[in-house]
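In our numbering, the protein residues as written are 209 to 569.
Ideal placement from N, C-alpha and C gives every residue a C-beta, glycine not left out.
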Amino acid sequence: MTESDAAPLNLFDFERLAARRLPAMVYDYYASGAHDERTLEANRTAFERIRLRPHVMRDVSTRDPSTTILGRRHPLPLIAAPMAFQRLAHPDGERALARATSSLGLTMTLSTLATTALEEVAAVATAPAWFQLYVYRDRALTRDLVARAEAARFEALVLTVDAPLLGRRERDARNAFALPPGLVAANLPSAGPRTLDAAPGESGLFRYFASLMDQSLTWDDVAWLRSITSLPVLVKGVLRGDDASLAIEAGAAGVIVSNHGGRQLDTAIATIDALPEVVAAVAGRVDVLLDGGIRRGTDVVKALALGARGVLLGRPLLWGLAHEGEAGARRVLELLAEELDLALALCGAARLDALTPDLLA
Ligand SMILES: Cc1cc2nc3c(=O)[nH]c(=O)nc-3n(C[C@H](O)[C@H](O)[C@H](O)COP(=O)(O)O)c2cc1C
C-alpha cells in the first residue's frame, strides 16, 4: 500500500486522491486560480503565517462548536461554498453534497451554475440550503431563478459580486475547458444558456460570463434584488471595509469575505488579511463570513478569532466528492470538525465566543 492509498487523514490527502482520479481538465478547473495563482497561494500562506497564543487551564472538558448565522443555530461554523459543475466530480454531484452537508446539519450553498436543478437539490437537502446567484443581463431569467429558489424554500440568497467577468484561469484556457456531453447548467431553462461553447485556447466558462453576465451591476442592484424577493441576501466577494458598509446600506443581511478562492483578481489580498478591516467596518451590524484556503481546524479558529461567524469550505468538498461521493464529502467535513474540536481544546476555548483576537500573534 502506498502512502496515497491509506485512508485520508486530512484535507490535503483528499486533494491528492482526487488528483489521481479526475480527468486533468476537471482537476485543473477545480484546483486552479487566476493568472499566476498568487492569491490562491496567499490564502494559504496568510493562515500559516498567523500563530496562536493559546490559553491553558480553562476547563475544556465539554466543547460547543455551534454558532448563529442569520439568526439560526448551526451545529458547526462550516458551510459548503457555492461551486459550479459538481457532477464533474461525481455522478451524484450536488445531490451528494446536499446529503453530506445535511447529514451533519450543515448548510450547503448551491451555485447558479450547478449541474443539478435547484428543485432536485432542495428535495434531498434536509438542512436549510442557500442559493448563490449570478445576475444575468437577462433580468427576466435572473428573476425566474430567484423565484424558483424562494419557491423551493432556500433560506437565503448569496449574491456573488466579484465576478463581472470571470478571472483568467490559464489552465482552463489551455484545456479549452467545457462541459462533457450530458452535463449542462441545469438551473437554466431548457431554452436558456445551459451549455458552454469552448474555443481552442479559451475557457468556455470565460466566454459564458463575458457574453451573458451583467457587467453593469452596482449596489443599486442589491436593492433591486431585495425588491423581487423576501429572502435575505448575503453579499459574497467583499475584500474592503468600505464595500462592506455599502453592502449593508444596500440591505445585505450578511457579508462574505472572499476572493473566490483566488480565481478572480490575481494578487488580490488574502481573505484572512482582509477580514479585520471588514469586521471593523461592519461593527456587528450583520454577520461576517469568510472563505478561501480553509484547510485546517486552526484556520477556522483564526477566522473566528478575527470576527467571522463562520467559514465556507470550497475545494476540499470537491475532492471528497471525487474520491467517494457523498461519503467522501461527509468525511471531509468530519475531519475538519474533528480538527476544530481539537484546536478549541488546545486553545482553551470551550465555546466559539471564547475565540478573540488576542489568541493570535
Ligand atoms: C470549482 C469551483 C467553482 C466555483 N464556482 C463558484 C460559483 O459558481 N459561484 C461562486 O460564488 N463561487 C464559486 N467558487 C468560489 C467558492 O465559492 C469559494 O469562494 C472558494 O472556492 C473558497 O476557497 P477554497 O476553495 O480555497 O476553500 C468556485 C470555486 C471553485 C473551486
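Item, Value
"Got a sec, what are the start and stop residues for the beta strand (DSSP E) Leu560 sits in?", "First-last for Leu560: undefined, no H or E at that position."
"If you check the beta carbons only, do Leu439 and Ala357 fall under 9 Å apart?", "yes"
"Looking at the unbroken alpha helix (DSSP H) that takes in Met233, where does it start and where does it end?", "232-239"
"Going by Cα to Cα distance, which pick from Ala535, Leu567, Leu550, Asp481 is closest to Ala306?", "Ala535"
"Taking Cβ positions, are Leu567 and Ala513 nearer each other than 9 Å?", "yes"
"Looking only at C-alpha atoms, which of Leu560, Arg471, Leu442, Glu546 sits nearest to Asp192?", "For residue 192 there is no data in the structure shown, the boundaries of the chain being 209 and 569."
"Extract the residue ranges of the beta strand (DSSP E) inside the stretch 506-554, only unbroken runs of 3 or more that lie entirely within it.", "518-521"
"Measuring only the C-alpha atoms, how far is Arg504 from Asp370?", "25 Å"
"Can you tell me where the alpha helix (DSSP H) holding Phe414 begins and where it ends?", "412-420"
"Please work out which residues of its chain come closer than 6 Å, Cβ to Cβ, to Met316, disregarding the five sequence neighbours upstream and downstream, and give them in chain order.", "Ala288, Leu305, Ala306, Thr309, Ala337"
"With a 10 Å radius around its C-beta and 16 neighbouring C-beta atoms as the bar for buried, classify Phe414 as buried or exposed.", "buried"
"Would DSSP call Arg402 helix, strand or coil?", "coil"
"Note down the Cα distance separating Leu373 from Leu420, rounded to an integer number of angstroms.", "10 Å"
"Could you give the residue range of the beta strand (DSSP E) that holds Ile287?", "286-288"
"For the putative contact between Phe417 and Met233, defined by C-beta atoms under 8 Å, what is the C-beta separation to the nearest angstrom?", "Not really, about 18 Å apart at Cβ, beyond 8 Å."
"Helix, strand or coil: how does DSSP classify Phe339 here?", "strand"
"What residue from Ile456, Gly445, Ala557 has the CA that sits closest to Ala482's CA?", "Gly445"
"Sort Gly279, Leu387, Arg345, Ala322 by Cα distance to Ala364 and report the nearest one.", "Gly279"
"Per DSSP, what are the beta-bridge partners of Asp499 in this structure?", "Leu520"
"The beta strand (DSSP E) with Leu321 in it runs from where to where?", "Segment: none, Leu321 is in no beta strand (DSSP E) and carries neither H nor E."
"Quick one: measure Cβ to Cβ for Cys555 and His282, integer angstroms, because I've assumed they're closer than 8 Å.", "Between His282 and Cys555 the Cβ distance is about 20 Å, and since that is not below 8 Å, they are no contact."
"In chain order, which continuous runs of the beta strand (DSSP E) of length 3 or greater are located wholly inside the stretch 266-308?", "275-277, 280-282, 286-288"
"Note down the Cα distance separating Asp429 from Ala458, rounded to an integer number of angstroms.", "9 Å"
"Just the Cα atoms here: how many angstroms apart are Met209 and Ala215?", "With a pLDDT of 48 at Met209, under the threshold of 50, the modelled position of this residue cannot be trusted; read the value that follows with caution. Roughly 11 Å between the two C-alpha positions."
"Using a Cβ-Cβ cutoff of less than 7 Å, which residues in the same chain neighbour Arg236 once the five nearest sequence positions on both sides are dropped?", "At residue 236 the sequence reads Asp, which differs from the Arg that was named. Answer for Asp236: Arg379, Asp380, Asn383, listed in chain order."
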